[in-house]
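Same order as they appear, the protein sequences are chains A and B. Note that the numbering used here has the first sequence beginning at 220, numbered continuously upward. Note that the numbering used here has the second sequence beginning at 220, numbered continuously upward. Glycine included, each C-beta is placed from N, C-alpha and C at the ideal position. Scroll down for the structure; my scribbles are underneath it.
Protein chains: 2
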Amino acid sequence: MLPTELRSMIRSGTHTTHTSGVCEDYVQTNLVILPKEYAFDFLLFTMRNQKSCPVIEVLEDGRFVSDYAKDSDIRTDLPLYHVYEHGRLVEKKQRVDDCWRDDFVSFLIGCSFTFESQLIKGGIPLRHIQENKNVAMYKTSIQTESAGVFKGETVVSMRPIPDSLVQQAADITSLFPEMHGSPLHIGDPAEIGIEDITRPDYGDFVGIKEGETPVFWACGVTPQAVALASKIPTMITHAPGHMFVTDWKNEEYLQK
Amino acid sequence: MLPTELRSMIRSGTHTTHTSGVCEDYVQTNLVILPKEYAFDFLLFTMRNQKSCPVIEVLEDGRFVSDYAKDSDIRTDLPLYHVYEHGRLVEKKQRVDDCWRDDFVSFLIGCSFTFESQLIKGGIPLRHIQENKNVAMYKTSIQTESAGVFKGETVVSMRPIPDSLVQQAADITSLFPEMHGSPLHIGDPAEIGIEDITRPDYGDFVGIKEGETPVFWACGVTPQAVALASKIPTMITHAPGHMFVTDWKNEEYLQK
Numbered sequence: 220m221l222p223t224e225l226r227s228m229i230r231s232g233t234h235t236t237h238t239s240g241v242c243e244d245y246v247q248t249n250l251v252i253l254p255k256e257y258a259f260d261f262l263l264f265t266m267r268n269q270k271s272c273p274v275i276e277v278l279e280d281g282r283f284v285s286d287y288a289k290d291s292d293i294r295t296d297l298p299l300y301h302v303y304e305h306g307r308l309v310e311k312k313q314r315v316d317d318c319w320r321d322d323f324v325s326f327l328i329g330c331s332f333t334f335e336s337q338l339i340k341g342g343i344p345l346r347h348i349q350e351n352k353n354v355a356m357y358k359t360s361i362q363t364e365s366a367g368v369f370k371g372e373t374v375v376s377m378r379p380i381p382d383s384l385v386q387q388a389a390d391i392t393s394l395f396p397e398m399h400g401s402p403l404h405i406g407d408p409a410e411i412g413i414e415d416i417t418r419p420d421y422g423d424f425v426g427i428k429e430g431e432t433p434v435f436w437a438c439g440v441t442p443q444a445v446a447l448a449s450k451i452p453t454m455i456t457h458a459p460g461h462m463f464v465t466d467w468k469n470e471e472y473l474q475k
Numbered sequence: 220m221l222p223t224e225l226r227s228m229i230r231s232g233t234h235t236t237h238t239s240g241v242c243e244d245y246v247q248t249n250l251v252i253l254p255k256e257y258a259f260d261f262l263l264f265t266m267r268n269q270k271s272c273p274v275i276e277v278l279e280d281g282r283f284v285s286d287y288a289k290d291s292d293i294r295t296d297l298p299l300y301h302v303y304e305h306g307r308l309v310e311k312k313q314r315v316d317d318c319w320r321d322d323f324v325s326f327l328i329g330c331s332f333t334f335e336s337q338l339i340k341g342g343i344p345l346r347h348i349q350e351n352k353n354v355a356m357y358k359t360s361i362q363t364e365s366a367g368v369f370k371g372e373t374v375v376s377m378r379p380i381p382d383s384l385v386q387q388a389a390d391i392t393s394l395f396p397e398m399h400g401s402p403l404h405i406g407d408p409a410e411i412g413i414e415d416i417t418r419p420d421y422g423d424f425v426g427i428k429e430g431e432t433p434v435f436w437a438c439g440v441t442p443q444a445v446a447l448a449s450k451i452p453t454m455i456t457h458a459p460g461h462m463f464v465t466d467w468k469n470e471e472y473l474q475k
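Structure below.
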């Protein structure tokens, strides 16, 4: 299926589930929508924390069509949206064109699906994918660099990697500085403030076997978590796993 | 002289002239100060036009000390400021702390001094430096990618380069994508909308001799020109050649 067909099905209500494993050669993105009043602080935050916030595109106020997705509409082309008010989830919706405001700014932020496709191609097994689960994510003690109202700790994703492949996994991901880049941490979770590795803050724990090392990367959930913590009056995001699918191939993005 | 000494002399009114050739191993920057209301559009503009707008640092509202300059004060540490209202130059001042506003955001943008030091080290002669003149700059027909209220044409700087060294000059500058990068254009000025190469829009024409080719790079004057054209109510910039001098060595910046 082509992304344009998928977006059309989502828009018409035919596709209503998550986008994991769908159109998998194409870049999928996280979405954060904020009133323009907060857009400068947020954009500056993403610039200062590029490892966790790889911005792919910004749609300024007045725009809802992505340059990377023909005939798209950011208000209707994701299967599920979360609407937050003052840091609290108040509604889950299949489209947000009915509550759209002229001052909304949309941020498309890189998603780990793109990142993981390169690890798999490099021969690194990823257990959460083999088991069809969500990657394990943790709040850490690693401070982000704050910008205006946005401040807080970095969220990381963790993947158990066979000891002999840890260096290779680090090498592969370091080639993509615009997509999370090299690991933030390798090994002991306690060093970055994770008390119980078996209980992630988001996603699923898939075990760490003998001969495996936990490897931690900056995670695209960070900007959402930080924006939530700042309790701004209105924020809309994608629902976890329900991404915006672009027409842009992973390989093209990573080689840009 | 160390940058911290220079900034101290500027602040006390002892150094009042331009900064060309002063502390020349250190990064000097252009300065654009805007009310926060326009800061998102401007930051997005710089992201979309990185070749002409290499942002080194953003000081959000409430800040006036640069991370790259110990004990600095962006309001007093440049020798001369230009104050614009609605696109018109209304005042030239030696300090702007008396008209500072809490909602001012400051953008430090890379300056060609850094860029040129690498060309000279690479054996490329630069005539305007040999003749102690300002580089020639031209408005072109090359559109910038607009962002909100900011739109317009790219301003380029032109340096006459001996034919046999053109490729080398292009190669050297391509190594610094975060500092203007490779040339935007090589050769015929008419192709980028420059009608009379002998009459630059800013700076000084130093001739193009037989056996030399005009080489054009994106220029840090672009964001200022575009911001001026948008006629926003208030903007403060450095006066041409009167830069902010950081504690950061050119080599460190270019290798980051």
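Closer than 7 Å at the beta carbon, the chain B residues around residue i
i: A:L262; result: F259, L262, L263
i: A:K270; result: By Cβ distance, chain B contributes nothing, its closest Cβ being about 15 Å from A:K270, past 7 Å.
Own chain partners of residue i with C-beta closer than 6 Å, once the 5 adjacent residues on each side are dropped
i: B:Y487; result: Look at the range of chain B in this structure, 220 to 475, and you will see that residue 487 of chain B is not part of it.
i: B:F332; result: Q247
i: A:F264; result: A366, F369
i: A:M377; result: A355, P433, F435
i: B:W467; result: V246, Y287
i: A:P419; result: A355, M356, Y357
i: B:F395; result: L473
i: B:P222; result: C242, Y245, V464, D466
Burial state of residue i (16 or more Cβ within 10 Å)
i: A:R294; result: buried
i: B:T465; result: buried
i: A:V251; result: buried
i: B:V274; result: buried
i: B:M398; result: buried
i: B:N351; result: exposed
i: B:T238; result: buried
i: B:G240; result: exposed
i: A:T392; result: buried
i: A:T417; result: exposed
i: B:L253; result: buried
Cut-off 8 Å between Cβ atoms - residues of its own chain near residue i, not counting five sequence neighbours on either side
i: B:I339; result: L345, I348
i: B:E410; result: H404
i: A:G426; result: R346, P379
i: B:I519; result: Since the first residue of chain B shown is 220 and the last is 475, residue 519 of chain B is not available in this structure.
Close beta carbons around residue i, own chain, < 7 Å, minus the five adjacent residues each side
i: B:I380; result: I343, A388, E431, T432, V434
i: A:S291; result: R226, V284, S285
i: A:C330; result: Q247, T248, N249, G439, M462
i: A:I413; result: Y357, T359
i: B:R267; result: E364, A366
i: B:W319; result: R294
i: A:E310; result: V302
With contact counted as at least three CB pairs below 8 Å, one residue from each stretch, are the segment 403–415 of chain B and the segment 429–447 of chain B in contact? Using a C-beta cut-off of 8 Å, the segment 403–415 of chain B makes contact with the segment 429–447 of chain B, since at least three inter-stretch Cβ pairs fall below that distance.
Members of the segment 341–368 of chain B near chain A, C-beta cut-off 8 Å: Answer set for the segment 341–368 of chain B: A366, G367.
At a CB distance below 9 Å, what residues from the segment 276–294 of chain B approach chain A? Give them in sequence order. Taking 9 Å as the Cβ-Cβ cut-off against chain A, the residues of the segment 276–294 of chain B that qualify are V277, E279, D280, G281.
Examine the Cβ distances between the segment 285–301 of chain B and the segment 454–462 of chain B and report whether three or more of them are shorter than 8 Å. Under the Cβ criterion (8 Å, minimum of three pairs), the segment 285–301 of chain B counts as touching the segment 454–462 of chain B.
Along the segment 237–257 of chain B, what residues have a CB closer than 7 Å to any CB found in chain A? If the cut-off is 7 Å between Cβ atoms, the segment 237–257 of chain B has K255 near chain A.
So, does the segment 267–281 of chain A touch the segment 318–337 of chain A, judging by three or more C-beta pairs under 8 Å? A contact exists between the segment 267–281 of chain A and the segment 318–337 of chain A.
Three or more C-beta pairs below 8 Å linking the segment 256–272 of chain B and the segment 441–454 of chain A: Short answer: they don't touch.
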